[in-house]
Amino acid sequence: MTTPPFVKLDGVAKRWNGQLGVEGITLDIPEGSFTALLGPSGCGKSTTLRLLAGLELPDEGKILIDDRDVTTSAASDRNLSMVFQSYALFPHLSVAENVMFGLKVRRVPKKERLEKLHRALEITGLLGLEDRKPGELSGGQRQRVALARAIVAGQRLCLMDEPLSNLDAKLRNAVRKDIKKLQRDLGITVVYVTHDQTEAMSMADTVVLMKDGHIQQVGAPEDLYSRPNNTFVAEFVGAPPMALLESGVLGGFGEGKTIGIRAENIQIVPKGDGRMRCTVTESEFLGAETLIGLDHAGTTGLCVLKPGLSMMAEGNEIDITFNDENLHVFDAAGQRLAG
Amino acid sequence: MSAHANLERRRQAIYGWLLLSPAAVLLTLFAFYPSVATLWSSMFSRGTRRKPTEFVGTENYSDLFADPTFWIVVKNNLLYAGITIPVSIFIALSMALWANGKIRARGFVRTAYFTPTVLPMIAAANLWLFFYTPGLGVLDQIGSLFGLPSVNWLGQPETALWAIIIVTIWKEAGFFMIFYLAALQTIPEDLKEAADIEGASRWTYTRRIVLPLLMPTTLFIAVNAMINSVKLIDHLFILTKGGPSDASKLILYYIWEMAFAFFDAPSAAAMTIMVIAVLGIVAAVQFFYLDKRTHYQ
Ligand SMILES: Nc1ncnc2c1ncn2[C@@H]1O[C@H](COP(=O)(O)OP(=O)(O)OP(=O)(O)O)[C@@H](O)[C@H]1O
Ligand SMILES: [Mg+2]
Chain A
2 MTTPPFVKLD
12 GVAKRWNGQL
22 GVEGITLDIP
32 EGSFTALLGP
42 SGCGKSTTLR
52 LLAGLELPDE
62 GKILIDDRDV
72 TTSAASDRNL
82 SMVFQSYALF
92 PHLSVAENVM
102 FGLKVRRVPK
112 KERLEKLHRA
122 LEITGLLGLE
132 DRKPGELSGG
142 QRQRVALARA
152 IVAGQRLCLM
162 DEPLSNLDAK
172 LRNAVRKDIK
182 KLQRDLGITV
192 VYVTHDQTEA
202 MSMADTVVLM
212 KDGHIQQVGA
222 PEDLYSRPNN
232 TFVAEFVGAP
242 PMALLESGVL
252 GGFGEGKTIG
262 IRAENIQIVP
272 KGDGRMRCTV
282 TESEFLGAET
292 LIGLDHAGTT
302 GLCVLKPGLS
312 MMAEGNEIDI
322 TFNDENLHVF
332 DAAGQRLAG
Chain B
-15 MSAHANLERR
-5 RQAIYGWLLL
5 SPAAVLLTLF
15 AFYPSVATLW
25 SSMFSRGTRR
35 KPTEFVGTEN
45 YSDLFADPTF
55 WIVVKNNLLY
65 AGITIPVSIF
75 IALSMALWAN
85 GKIRARGFVR
95 TAYFTPTVLP
105 MIAAANLWLF
115 FYTPGLGVLD
125 QIGSLFGLPS
135 VNWLGQPETA
145 LWAIIIVTIW
155 KEAGFFMIFY
165 LAALQTIPED
175 LKEAADIEGA
185 SRWTYTRRIV
195 LPLLMPTTLF
205 IAVNAMINSV
215 KLIDHLFILT
225 KGGPSDASKL
235 ILYYIWEMAF
245 AFFDAPSAAA
255 MTIMVIAVLG
265 IVAAVQFFYL
275 DKRTHYQ
């Protein structure tokens, strides 16, 4: 990569009265990419996004957008748009006025304004609702108005804070595809906050996984899935999450380490042929397959997938096996060891 | 099915009346009945020992229209309302916007602004007497530092009404500010942030977002300020007693004088009816006209 990154955060930290918000955030975001900030509630995703937007000023570190140091610039000088977790629509303005607010502020001529409005409403499927007030819209429609307002300005960088959190599962899938398509078509750079890993994994080019104000891992979705940096990533990414075993349970790994294994890499074998003997704790039918939860001393989250509907009685004992090449080894502190 | 709906409707109606009746009874007793009684008595002549009261129709009204003092008082009151309403609203709004911002000693500023409201009007008037008194008053003391001559603010026709107006604004602005402050708290922080990101200046944000969202409050305050511009006359008793030569006399004070100093109850009643009518019309216009242009959350 010879081109400098479009957005660059360098050692950014933010604290409130000594209380940690985020710390040591270093991140390069190339132009035209889709980056997802992923993590559990309260891990600092919104804070990172707000620092990027200029709604909070960092205590440490530098922020560059398009090669310009914007660390202390006002939000309005950063040439970006944002979709808020809470929509932040102006309640007394109609859909059209809401969407055109920024254009009006920036003195775009009326004709151009209306053209852009029409296009933005068309893209977001809001045509015909121009004159409604936000209070007269459903949650999903409001979300799309917020989206329309963000894209109408034609900024190259768009920040989104959980824009789909208030939609039902079906609509969420649809809008997810729309956002992804929009981002590709317009060629904009999107930084997208979510706590939903399927959302992050399916949409993003790069996923940034955070915990307690720190970045845990940055990488392509498949990297996070197949080469988790540490046990937190291993347990956070994937459904079902990776099972963790104390190394003492298996022979040949020494003591004090943690071994990770994914459900799809575990096979059930006839009694006597397996590497471990476990007890069935639950069977969960997922549709195409059945998830069998297993229990064994020194393990957490151990489970195995069986095709189709194939429930097993609770308390049954079964033998399982797996290949060493599918194992992930973490040291005592939870960090990944080579391999 | 329809019988059930009918029963439901009747029950709703009973609830409605039950909820309505306490207010209706009290209003009838203390507002509607006195108003009607006043209207009635305004159409009778003033009774003297030799001439008993008799029905005179609109004669009391035409007498009033012919009374030059009445017109002076009306003019005074219009000026009083025309200045105190917009100025106190403007000051209240400015103070609220400022006290709502991220300033130091915010609690202190709010309390300081609110103090005049807590003070009874009579006490406030005495306080201002201390400002206005010629020679001894604070204003004169300050003036004399710069070699300005002593001014009898309350004692001369040119300044008396203005002195009264200033006291009223001082008293009202802090009270209205509290309403604006409360309304400002209900405007979510993220609207400001969204406007920031869209590139709106502070002024644009205030004009296009904050002021429209404060419209219901402004409407409420405007109606209150208008009522106060008729109602708030306590300080007249302390400061000027309507003088000198009626220069600071307001309608309600004149009504009080008519009724309890000149014992001309019918004229006072006639004037009261006119005040009620004017207030009613203005309030109706404010509500029906401005209401349509106001966004309620
Ligand atoms: N204005 C603030 N004052 C003090 N602490 C704050 C403030 N904003 C955020 N924090 C703290 O910073 C941490 C990160 O918050 P943030 O809003 O970034 O979480 P998040 O990852 O967006 O969570 P969620 O998924 O629930 O939205 C939290 O511990 C929060 O309590
Ligand atoms: Mg958040």
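Going down the list, the protein sequences come from chains A and B. In this text, residue positions in the first sequence follow the numbering used here: the first is 2, and each later residue adds one. In this text, residue positions in the second sequence follow the numbering used here: the first is -15, and each later residue adds one. All C-beta atoms, glycine included, are put in the ideal place defined by N, C-alpha and C. All figures in this text were calculated on a predicted structure; none of them were measured in a lab.
Find the residues of chain B that neighbour G103(A), judging by a C-beta separation of less than 7 Å, and give them in chain order.
Those are E182 and G183, listed as they occur along chain B.
Compare the beta carbon distance of L223(B) and L123(B) with 8 Å and say whether it is the shorter of the two.
In this structure, L123(B) does not lie closer than 8 Å to L223(B) by Cβ.
Contact criterion: CB-CB distance below 8 Å. Does P110(A) meet it with respect to chain B?
Among the CB atoms of chain B, none fall inside 8 Å of the CB of P110(A).
Could you check how far apart the C-beta atoms of A76(A) and I193(B) are, in whole angstroms? I think they sit under 8 Å.
With 8 Å as the limit, A76(A) and I193(B) do not qualify as a contact, their Cβ atoms being about 15 Å apart.
Could you tell me whether any Cβ in chain A is nearer than 8 Å to the Cβ of T201(B)?
Not a single CB atom of chain A sits nearer than 8 Å to the CB of T201(B).
Could one say the Cβ of M202(A) lies closer than 8 Å to chain B's Cβ atoms, at least one of them?
No, M202(A) does not count as interfacial toward chain B.
Should Y164(B) be labelled buried (16 or more other beta-carbon atoms within 10 Å of its own) or exposed?
Its Cβ being crowded by 16 or more others within 10 Å, Y164(B) is buried.
Note the first and the last residue of the continuous beta strand (DSSP E) segment covering Y193(A).
Note, Y193(A): beta strand (DSSP E), T190 to T195.
Report the residue from F39(B), M255(B), N44(B) and A65(B) whose alpha carbon sits nearest the alpha carbon of I149(B).
Per the Cα distances, A65(B).
Can you tell me whether L13(B) is buried or exposed, with buried defined as 16 or more other CB within 10 angstroms of its CB?
So L13(B) counts as exposed.
Is any non-hydrogen atom of ligand 1 found closer than 7 Å to the C-beta of K86(B), if you look at the structure I gave you?
Result no, Cβ not under 7 Å from ligand 1.
Can you list the residues of chain A that H279(B) reaches, using a CB-CB cut of under 8 Å?
By Cβ distance, chain A contributes P92, H93 and K134.
Residues in the stretch 158 to 176 of chain B with C-beta within 8 Å of chain D's C-beta atoms, listed in sequence order?
Going by chain labels, chain D is absent from the structure shown, which instead holds the protein chains A and B.
Quick one: what does DSSP say A314(A) is sitting in, helix, strand or coil?
Residue state, collapsed to three classes: coil.
Got a sec, what are the start and stop residues for the beta strand (DSSP E) M161(A) sits in?
Element bounds for M161(A): L158 to D162.
What are the uninterrupted segments assigned as alpha helix (DSSP H) that are 4 or more residues long and contained completely in the stretch 44 to 92 of chain B, given in chain order?
Correct list: 52 to 84.
Cα-Cα separation between D341(A) and P229(A), rounded to whole angstroms:
Residue 341(A) lies beyond the range of chain A shown here (2 to 340); nothing can be said about it.
Alpha carbons only, please: which of L52(A), G136(A) and E163(A) is nearest the one belonging to L148(A)?
Looking from the CA of L148(A), the closest CA among L52(A), G136(A) and E163(A) belongs to E163(A).
Indicate the three-state DSSP secondary structure (helix, strand or coil) for T278(B) in the structure shown.
Coil.
Below 8 Å, can you find three or more Cβ-Cβ pairs linking the stretch 272 to 286 of chain A to the stretch 218 to 229 of chain A?
Touching, no.
For the putative contact between V259(B) and V214(B), defined by C-beta atoms under 8 Å, what is the C-beta separation to the nearest angstrom?
Indeed, because the Cβ distance is near 6 Å, the residues count as touching under 8 Å.
If we define contact as Cβ-Cβ less than 8 Å, is S74(A) a contact residue for chain B?
So, not an interface residue.
Hey, is S357(A)'s beta-carbon within less than 8 Å of any beta-carbon in chain B?
Lying before the first or after the last residue shown, residue 357(A) is absent from chain A, which here runs from 2 to 340.
Under a CB-based cut-off of 8 Å, is F7(A) close to chain B?
For F7(A), the closest Cβ of chain B is not nearer than 8 Å.
Under 8 Å between C-beta atoms, does A121(A) make it to chain B?
Not an interface residue.
Cutting at 6 Å between CB atoms, please list the residues of its own chain near I262(A), excluding the five before and the five after it.
Once the five neighbours on either side are set aside, the close Cβ partners of I262(A) are A244, F323 and L328.
Contact list for the stretch 70 to 91 of chain B against chain A, Cβ threshold 7 Å:
Contacts with chain A (Cβ-Cβ distance below 7 Å) from the stretch 70 to 91 of chain B involve no residue at all.
Shortest alpha-carbon distance to N266(A) belongs to which of G257(A), F286(A), P241(A) and V281(A)?
Its Cα nearest to that of N266(A), the residue P241(A) stands out among G257(A), F286(A), P241(A) and V281(A).
Can you find a CB in chain B that lies within less than 8 Å of the CB of V234(A)?
No, no contact with chain B.
Give, in chain order, every residue of the stretch 185 to 197 of chain B whose Cβ lies closer than 7 Å to some Cβ of chain A.
Residues of the stretch 185 to 197 of chain B with a C-beta atom less than 7 Å from some C-beta of chain A are T188, I193, P196 and L197, listed in chain order.
Compare the beta carbon distance of F49(B) and T101(B) with 8 Å and say whether it is the shorter of the two.
Going by C-beta atoms, F49(B) is not nearer than 8 Å to T101(B).
Just tell me which of V330(A), L246(A), L338(A) and E256(A) has its CA closest to the CA of C304(A).
For the residues V330(A), L246(A), L338(A) and E256(A), the minimum Cα distance to C304(A) belongs to L246(A).
Any heavy atom of ligand 1 closer than 7 Å to the CB of K46(A)?
Ligand 1 has a heavy atom closer than 7 Å to the beta-carbon of K46(A).
Residues of the stretch 236 to 249 of chain B in Cβ contact with chain A at a cutoff of 8 Å, in chain order, please.
Under the 8 Å Cβ criterion, the stretch 236 to 249 of chain B contributes no residue.
Hey, quick one: how far does the beta strand (DSSP E) through A37(A) stretch, first residue to last?
Note, A37(A): beta strand (DSSP E), F35 to L39.
Min CB distance M161(A) to chain B below 8 Å:
No, no contact with chain B.
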